[in-house]
Amino acid sequence: MPFIKKDFYITSPTKAFQFVQNTLKCTNKEAQKIIDKKRIYYKNQNPIHKSDLISGEVILEIFEPKATLEPFFIHQDFALYHKPSNLLTHPKGRFSHPSLCDSIKDTFGKDANPIHRLDYETNGIILVSRNKQSEVILKKLFETNQVKKKYLALINGILLKNQIIDLPILNPNSITKQEDLGIRSQIHPMGKRAITKIKVLKHFENSTLLEVTPITGRTHQIRLHLASIGYPIVGEPLYGVDNDSAREYLNQKLFTQNILKLQAKSLEFYYKNTKYFFSTPFDFL
Numbered sequence: 001m002p003f004i005k006k007d008f009y010i011t012s013p014t015k016a017f018q019f020v021q022n023t024l025k026c027t028n029k030e031a032q033k034i035i036d037k038k039r040i041y042y043k044n045q046n047p048i049h050k051s052d053l054i055s056g057e058v059i060l061e062i063f064e065p066k067a068t069l070e071p072f073f074i075h076q077d078f079a080l081y082h083k084p085s086n087l088l089t090h091p092k093g094r095f096s097h098p099s100l101c102d103s104i105k106d107t108f109g110k111d112a113n114p115i116h117r118l119d120y121e122t123n124g125i126i127l128v129s130r131n132k133q134s135e136v137i138l139k140k141l142f143e144t145n146q147v148k149k150k151y152l153a154l155i156n157g158i159l160l161k162n163q164i165i166d167l168p169i170l171n172p173n174s175i176t177k178q179e180d181l182g183i184r185s186q187i188h189p190m191g192k193r194a195i196t197k198i199k200v201l202k203h204f205e206n207s208t209l210l211e212v213t214p215i216t217g218r219t220h221q222i223r224l225h226l227a228s229i230g231y232p233i234v235g236e237p238l239y240g241v242d243n244d245s246a247r248e249y250l251n252q253k254l255f256t257q258n259i260l261k262l263q264a265k266s267l268e269f270y271y272k273n274t275k276y277f278f279s280t281p282f283d284f285l
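Under the UniProt record's numbering, think of the first position of the sequence shown as 1, with each following residue one higher.
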């Protein structure tokens with residue numbers, strides 16, 4: 001897990017933010033953020049606030065980075081990674097969340113960057129540029145829809161026919177009334193057009209394996225589209241569930257091992273007049 005719980009015994013009253021700051025060698029702002037996220041508390045579960053003087057037994061949840069992930073293909077200008085489930089593509093703060101970027105920059109240096117992203121919960125293939133020149137070229141391919149992407153999804157229920165889902169999606173940044181659920185996109189007439197092609201591959205007793213091709217690239221597009229037609233992905237914690245369940249997941253997701261059955265399976269594109277096709281080496285089921 002990204003975070004582990006460590007016990008501390010504080011012998012003399014100390015301001016909470018100072019204890020966190022000294023223990024983690026972080027800034028005042030980072031320490032206060034950790035306290036705000038309730039990652040420090042008394043052993044009896046009583047909460048601790050940043051202005052509190054604390055003493056006695058406390059628990060601090062400390063981030064321990066995972067081992068560096070290795071690319072499965074390396075070109076002089078780019079590389080391919082398989083991002084596991086429950087890992088961010090980009091970082092969200094030094095002491096907040098691990099990300100694939102940690103491994104990318106450890107291996108290729110500060111100029112290497114992911115060209116696109118996958119959701120925290122989604123596993124699969126990610127294309128990475130190794131220098132600024134290739135970053136410009138590869139990002140342009142994505143922006144102009146010159147990259148063919150295919151996903152595998154295992155959905156709840158039996159879907160009988162191939163279909164195209166064409167429903168507009170409103171980006172979370174455009175939604176102002178969701179408060180703590182603001183991470184979720186919505187099907188909305190004011191949203192941008194979103195198109196997803198669905199191909200049925202195999203039926204199981206209570207589920208269906210799909211090949212999914214997103215024609216557009218909206219936030220959470222595949223997950224929202226499938227839930228909107230009544231077939232949420234197995235392990236889906238945000239779409240097709242009630243608000244309380246979604247909130248509970250968001251509050252605890254760093255400490256759960258929920259596995260969303262959605263994989264970015266393959267990428268196909270031309271780079272400098274050469275055609276490339278890559279498929280993740282990891283099995284889906």
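Note that beta-carbon positions come from the ideal geometry of N, C-alpha and C, so glycine has one too.
Because the structure is a prediction, the values reported are computed rather than measured.
Sub-9 Å separation of residue i and residue j beta-carbons
| i | j | result |
| --- | --- | --- |
| residue 284 | residue 80 | no |
| residue 54 | residue 42 | yes |
| residue 128 | residue 267 | no |
| residue 225 | residue 165 | yes |
| residue 106 | residue 130 | no |
| residue 171 | residue 192 | yes |
| residue 260 | residue 235 | yes |
| residue 6 | residue 59 | yes |
| residue 75 | residue 124 | no |
| residue 215 | residue 156 | no |
| residue 271 | residue 69 | no |
| residue 116 | residue 240 | no |
| residue 47 | residue 38 | yes |
Best match in the options for proximity to residue i [C-alpha to C-alpha]
| i | options | result |
| --- | --- | --- |
| residue 207 | 143, 158, 282 | 158 |
| residue 62 | 86, 11, 26 | 26 |
| residue 186 | 261, 221, 101, 117 | 221 |
| residue 51 | 40, 242, 215 | 40 |
| residue 154 | 168, 132, 203, 109 | 203 |
| residue 118 | 151, 109, 111, 106 | 151 |
| residue 223 | 196, 244, 247, 245 | 196 |
| residue 281 | 168, 126, 188 | 126 |
| residue 160 | 189, 37, 205, 116 | 205 |
| residue 213 | 263, 8, 71 | 263 |
| residue 273 | 12, 137, 86 | 137 |
| residue 173 | 244, 228, 219 | 219 |
Bridge partner(s) assigned by DSSP for residue i
| i | result |
| --- | --- |
| residue 166 | 195 |
| residue 10 | 56 |
| residue 15 | 53 |
| residue 156 | 207 |
| residue 4 | 62 |
| residue 213 | 197 |
| residue 264 | 124, 151 |
| residue 202 | 209 |
| residue 47 | 41 |
| residue 271 | 274 |
| residue 279 | 266 |
Close beta carbons around residue i, own chain, < 7 Å, minus the five adjacent residues each side
| i | result |
| --- | --- |
| residue 199 | 162, 210, 211 |
| residue 287 | The structure shown has nothing for residue 287, since the chain only spans 1 to 285. |
| residue 15 | 53 |
| residue 10 | 19, 54, 55, 56, 58 |
| residue 28 | 17, 21 |
| residue 134 | 77, 78 |
| residue 189 | 168 |
Nonlocal neighbours in the same chain, by C-beta distance under 6 Å from residue i, ignoring five residues either side
| i | result |
| --- | --- |
| residue 249 | 237 |
| residue 101 | 90, 91 |
| residue 31 | 17, 20, 21 |
| residue 108 | 130 |
| residue 287 | The chain is shown from 1 up to 285; residue 287 falls before or after that span and cannot be answered. |
| residue 144 | none |
| residue 114 | 89, 126, 128 |
| residue 227 | 239, 240 |
| residue 86 | none |
8 Å CB neighbourhood of residue i in its chain, flanking five on each side removed
| i | result |
| --- | --- |
| residue 275 | 268, 269 |
| residue 95 | The predicted position of residue 95 is uncertain, since its pLDDT is 46 and thus under 50; a value taken from the coordinates is nonetheless stated next. Excluding sequence neighbours, residue 95 sits near 24, 26, 30, 33, 34, 63. |
| residue 84 | 69, 123 |
| residue 73 | 79, 80, 278 |
| residue 13 | 53, 54, 55 |
| residue 245 | 237 |
| residue 49 | 16, 35 |
| residue 71 | 79, 80, 81, 107, 128 |
| residue 132 | 111 |
C-beta neighbour in chain D for residue i, strict 9 Å
| i | result |
| --- | --- |
| residue 199 | No chain D is part of this structure, which consists of one protein chain only. |
Proximity test, residue i beta-carbon vs the ligand PLP heavy atom, cut-off 8 Å
| i | result |
| --- | --- |
| residue 165 | This structure simply doesn't include the ligand PLP, nor any ligand for that matter. |
Starting from the N-terminal side, write out each stretch of the alpha helix (DSSP H) that is 4 residues or longer and does not extend beyond the segment 55-143.
100-108, 132-143
Length at least 4, wholly inside the segment 217-241: the alpha helix (DSSP H) runs in chain order
221-228
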